[in-house]
Amino acid sequence: MKCIFCSIVEKEREAAYVYEDKDFIAIMDKYPINIGHTLVLPKRHYSTLLDMPLNEISKLFVLTAHLAKAVVRSVNSDGFSIGQNNGEAANQLIPHVHVHIVPRHINDMTKWASRRFVTFEQLILVAEQIKNRLVVEEINNKPVI
Ligand SMILES: [Zn+2]
């Protein structure tokens, strides 16, 4: 079966469009967490961020921030959450990269994922593991840390 978001990009399937340019679209989430819940996605099919070139990811998130301003103003929210899930284990329901902009209101009872308590040593250990795996060449040959 064809990717739902590719069908929306190709206008074969109905969606509430918020924005469109040559590389990206933004649409309303069909099952919103809060009113104004918007999705930003590349027109080109990438299953997860791991498949997407860094310069396109950059454009995606700049656009997300730009659209978030409009979302917040449009629904008069007190804040907003950005969500971006990759893979089934992360509850990515449609395997085509998309960013959620979820307007938030004081006392709206919408919960973010539950938190864990870990030691500082565990934090340092994981930080080192991530640093060791950073592909420096992909960040314009400059280490970021
Ligand atoms: Zn797709």
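Heads up: the sequence shown begins at 10 in this note's numbering, then just goes up one per residue. Yeah, the Cβ is synthetic: ideal placement off N, Cα and C, and Gly gets one too. The structure displayed is predicted, hence computed values, not measured ones.
| request: Below 7 Å CB to CB, which residues in the same chain sit around residue 154 once its five sequence neighbours on both sides are set aside? | output: The residue labelled residue 154 in the question sits at position 145 within the sequence shown. Confidence at residue 154 is low in this model, with a pLDDT of 46, below 50, so its placement is unreliable and the value that follows should be read with caution. The residues are 140.
| Would the C-beta of residue 33 count as close to ligand 1, meaning under 8 Å from any of its heavy atoms? | Position 24 of the sequence shown, counted from the start, is the residue given in the question as residue 33. Residue 33 Cβ: outside cutoff for every heavy atom of ligand 1.
| Near residue 52, what residues of its chain come up, given a Cβ to Cβ distance below 8 Å and the 5 sequence neighbours on each side ignored? | Translated into the one-based positions of the sequence shown, residue 52 becomes position 43. Once the five neighbours on either side are set aside, the close Cβ partners of residue 52 are 18, 31, 32, 33 and 34.
| message | Do residue 95 and residue 47 have their beta-carbon atoms positioned less than 9 Å apart in this structure? | response | Here residue 47 refers to the residue found at position 38 when the sequence shown is read from its first residue. Here residue 95 refers to the residue found at position 86 when the sequence shown is read from its first residue. No. Outside cutoff.
| query | Less than 9 Å separating the beta-carbons of residue 37 and residue 25? | reply | Along the sequence shown, read from residue 1 onward, the residue named residue 37 stands at position 28. Along the sequence shown, read from residue 1 onward, the residue named residue 25 stands at position 16. Cβ distance < 9 Å, so residue 37 and residue 25 count as in contact.
| field | Residue closest to residue 112, alpha-carbon to alpha-carbon, out of 103, 85 and 135 | value | To locate residue 112, count along the sequence shown from 1; it is residue 103. Comparing Cα positions, the closest option is 85.
| query | Taking only runs of the alpha helix (DSSP H) that begin and end inside the stretch 15 to 97, which ones reach a length of at least 4 residues, in chain order? | reply | 63 to 84
| said: According to DSSP, is residue 125 part of a helix, a strand, or is it coil? | reply: One-based indexing of the sequence shown puts residue 125 at position 116. Residue 125 falls in the coil class under three-state DSSP.
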